[in-house]
Amino acid sequence: EEVLGAVRSGKSVFFTGSAGTGKSFLLKRIVGSLPPNITYATASTGVAACHIGGTTLHAFAGIGSGKAPLEQCIQLAERPGVRQHWLACQHLIIDEISMVDGKFFDKLEAVARAVRKRDEPFGGIQLIICGDFLQLPPVCKANEETKFCFQAKSWRKCIHINMELTEVRRQTDKTFVSLLSAIRLGRCTEEVTRLLMQTAAHRSERDGILATRLCTHKDDVEITNERRLQQLPGEVHVFEALDSDPMLVKLIDAQCPVGGRVELKLGAQVMLAKNLDVSQGLVNGARGVVVGFESEQKGLPKVRFLCGVTQLIKMEKWVIKGPSGVHLSRQQLPLKLAWAISIHKSQGMSLDCVEISLSRVFESGQAYVALSRARSLAGLRVLDFDPKVVRADPAVLQFYRQLRRHQLPTQVKKNLLLAKPALCNQDERYGHQDVSVFLSRIHTCSGRRDEAAERACSRAALGNNISTVVLGLCDTTWSSG
Ligand SMILES: Nc1ncnc2c1ncn2[C@@H]1O[C@H](COP(=O)(O)OP(=O)(O)OP(=O)(O)O)[C@@H](O)[C@H]1O
Ligand SMILES: [Mg+2]
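In terms of full-length UniProt numbering, the sequence shown opens at residue 1 and continues consecutively.
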């Protein structure tokens with residue numbers, strides 16, 4: 001509600017939070033609450049854009065890679081079809097901001113002012129941005145330097161309100177949630193290592209459904225899926241997409257979660273690429289196996305899902321906004337082969353059962369993105385865990401520390417007020433003084449680990465209802481609980 005209020009105030013908002021705190025879920029609500037003709041929903045990648053029913057930020061901007069000099073980028077943005085969007089846009093929504101390059105952001109900001117002929121930051125467009133900078137950074141070529149968006153020159157000018165979602169929704173198991181939050185901060189304790197190593201023994205198959213392998217490199221994905229399909233006996237069933245504009249297949253391919261040609265066999269491991277029925281668990285990312293094909297007409301596949309439902313899968317339609325604003329569409333089965341997917345493409349997804357090999361991790365945040373896709377520890381199997389692959393970018397940690405430092409005083413005051421009566425009246429072991437000592441430690445360290453304070457918190461956790469208040473406070477300061 002607070003985020004929605006901030007959006008309604010017309011100010012530009014950045015909200016962040018760990019994986020699965022419902023950023024995209026909330027973003028969809030925000031998109032739905034704003035007038036569609038002046039609101040543009042975008043994300044850094046096609047897959048993420050699809051989750052919120054939008055386009056890529058690059059497609060909206062129409063300035064190519066944005067690497068050309070500013071004058072040239074402005075000319076590109078003033079082309080008919082592109083310009084009218086820049087002028088119409090009053091609310092620009094961007095999901096998965098961690099993968100947007102800071103230099104690109106600065107270019108957009110300058111282009112917006114030039115095209116809209118307005119001097120305010122971003123030409124007066126309200127920005128509603130979300131993402132988690134401790135997940136994947138912008139994609140960059142070898143020897144190329146990239147910046148995060150928060151390092152962009154114009155970032156501070158453009159963002160008026162920063163907020164953080166703190167309650168994880170994707171996972172419910174507390175142990176797994178705190179394990180993930182330690183990994184997110186690049187901390188890998190012995191306990192975390194032990195728990196992750198144990199997952200190697202988890203079953204990678206349940207009811208004929210194999211865990212999806214998350215790969216660090218995309219070549220491995222294609223090879224694995226093709227090879228595994230080939231290895232299955234039986235006939236291949238091919239489903240060709242019906243595209244609204246066959247000339248723009250490349251564009252549709254880039255933004256639609258399913259391919260133009262879907263090849264299946266009996267026994268193929270698949271993943272849903274659309275929410276079909278949330279109440280039954282037939283959601284985007286749900287895992288299943290092909291158990292048959294309809295005998296008549298199109299020979300549609302029947303899929304048995306992990307949630308226990310067997311469903312005949314019909315053609316679905318995706319509507320995508322092209323660069324000049326025209327609506328493009330694809331009709332295709334909402335299915336993808338799911339022996340493997342890349343970690344990059346998995347960012348933003350929730351997955352039922354995953355198998356991960358982290359030996360070739362090459363980015364900060366990559367191991368965290370992979371691990372945090374799993375809905376439960378039981379649905380996770382890490383083959384070769386090595387604590388070395390757990391890395392958080394120091395610049396991002398610093399950014400979050402600063403963000404907290406600004407937010408902290410009000411948050412601490414609120415919690416302290418709640419805590420005081422309980423502390424004074426109910427628990428003699430942790431009197432007011434004890435607790436204010438570690439509250440002030442938490443306050444001053446603001447993100448830095450303080451073992452004495454941590455010990456005090458665990459002791460408090462053994463206490464009565466005081467513990468809830470105190471641990472709640474830890475959450476807001478360290479995330480690690
Ligand atoms: N307020 C909510 N009520 C019920 N379910 C929610 C809520 N918020 C999120 N969820 C569910 O929790 C899961 C994770 O949410 P979502 O994908 O929006 O998280 P996210 O913060 O965008 O994660 P990521 O950083 O991985 O993209 C989804 O299955 C979503 O439907
Ligand atoms: Mg998301």
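Don't be surprised by glycine CBs; every beta carbon is placed ideally from N, CA and C. If you're wondering where the values come from, they're calculated on a predicted model, not measured in any experiment.
So, at 6 Å on beta carbons, what are the nonlocal neighbours of Val283 in its own chain, with the 5 sequence-adjacent residues on each side left out? When the five nearest sequence neighbours on each side are left out, the beta carbons in the same chain lying within less than 6 Å of the beta carbon of Val283 are those of Asn275, in order along the chain.
May I ask you to check if the CB of residue 552 is nearer than 8 Å to at least one heavy atom of ligand 1? With the chain represented from 1 up to 481, any question about residue 552 goes unanswered, as that position is not in the structure.
Output the boundary residues of the alpha helix (DSSP H) element that contains Asp220. For Asp220, the enclosing alpha helix (DSSP H) begins and ends at Lys218 to Gln231.
First and last residue of the beta strand (DSSP E) that includes His237? Unbroken beta strand (DSSP E) run through His237: His237 to Glu240.
Evaluate the contact criterion for the region 22–35 versus the region 373–389: three or more CB pairs, one atom per stretch, below 8 Å. Too few Cβ pairs lie closer than 8 Å, so no.
Any non-hydrogen atom of ligand 3 closer than 8 Å to Arg227 Cβ: Ligands present in the displayed structure are limited to ligand 1 and ligand 2, and ligand 3 is not among them.
Buried or exposed: where does His344 fall if 16 or more other Cβ atoms within 10 Å of its Cβ makes it buried? By the 10 Å Cβ count, His344 comes out buried.
Is Thr21 near ligand 1, with its Cβ less than 8 Å from a heavy atom? When distances are taken from the beta-carbon of Thr21 to the heavy atoms of ligand 1, the shortest one is below 8 Å.
Starting from the C-beta of Val326, find all residues in its chain whose C-beta is less than 6 Å away, skip the five residues before and the five after it, and write them out in chain order. Cβ neighbours of Val326 beyond the five flanking positions: none.
Spell out the partners DSSP gives Asp95 in its beta bridges. For Asp95, which the question treats as bridged, DSSP gives the partners Ala43.
Check whether the Cβ atoms of Val139 and Met197 sit closer than 9 Å, and answer yes or no. Their beta carbons are not under 9 Å apart, which means Val139 does not touch Met197 by this criterion.
Tell me, please, whether the region 132–146 touches the region 162–176 by the rule of three or more beta-carbon pairs shorter than 8 Å. Not touching, per the Cβ criterion.
CB-CB under 7 Å to Gly299, same chain, minus the five flanking residues each way: which ones, in chain order? Around Gly299: His237 and Phe293.
Roughly how far, in whole angstroms, is the beta-carbon of Leu214 from the beta-carbon of Val354, given that I think they are within contact range, below 8 Å? Right, their Cβ atoms sit about 6 Å apart.
Just to confirm, does Ala273 get its C-beta within under 8 Å of one of the non-hydrogen atoms of ligand 2? Taken from the Cβ of Ala273, every heavy atom of ligand 2 lies 8 Å or farther away.
Length of the line joining the Cα atoms of Lys388 and Leu264: Going by the C-alpha atoms only, they are around 38 Å apart.
Measuring from the CB of Gly17, is there a heavy atom of ligand 1 at a distance below 8 Å? Gly17 Cβ: within cutoff of ligand 1.
Determine the extent of the alpha helix (DSSP H) in which Thr193 is found, giving its start and end residues. In the DSSP annotation of this structure, the continuous segment of the alpha helix (DSSP H) that includes Thr193 starts and ends at Glu190 to Gln198.
At 3 residues or longer, and completely inside the region 298–383: list those beta strand (DSSP E) runs for me, N to C. Runs found: 301–305, 310–312, 316–321, 327–332, 335–337, 340–342, 354–356 and 380–382.
For the alpha helix (DSSP H) that contains Ile183, what are its first and last residues? Per DSSP, Ile183 belongs to the alpha helix (DSSP H) from Lys174 to Arg184.
Relative to ligand 1, is the shortest distance from any of its heavy atoms to the C-beta of His51 smaller than 8 Å? For ligand 1, at least one heavy atom lies less than 8 Å from the Cβ of His51.
Span separating the alpha-carbon of Thr193 from that of Thr216: Roughly 20 Å separates the two Cα atoms.
Counting along the chain, where does the alpha helix (DSSP H) carrying Arg113 start and finish? Per DSSP, Arg113 belongs to the alpha helix (DSSP H) from Gly102 to Arg116.
Cα separation between residue 482 and Val369? Since the first residue of the chain shown is 1 and the last is 481, residue 482 is not available in this structure.
Three or more beta-carbon pairs under 8 Å between the region 9–23 and the region 118–134, yes or no? Yes: the two stretches touch, three or more of their Cβ pairs being nearer than 8 Å.
Output the distance between the C-alpha atoms of Leu266 and Ala254, rounded to the nearest integer angstrom. Taking the Cα positions, Leu266 is about 28 Å away from Ala254.
Distance between beta carbons of Phe399 and Phe150, contact taken as under 8 Å: About 5 Å separates the two Cβ atoms, so the contact holds.
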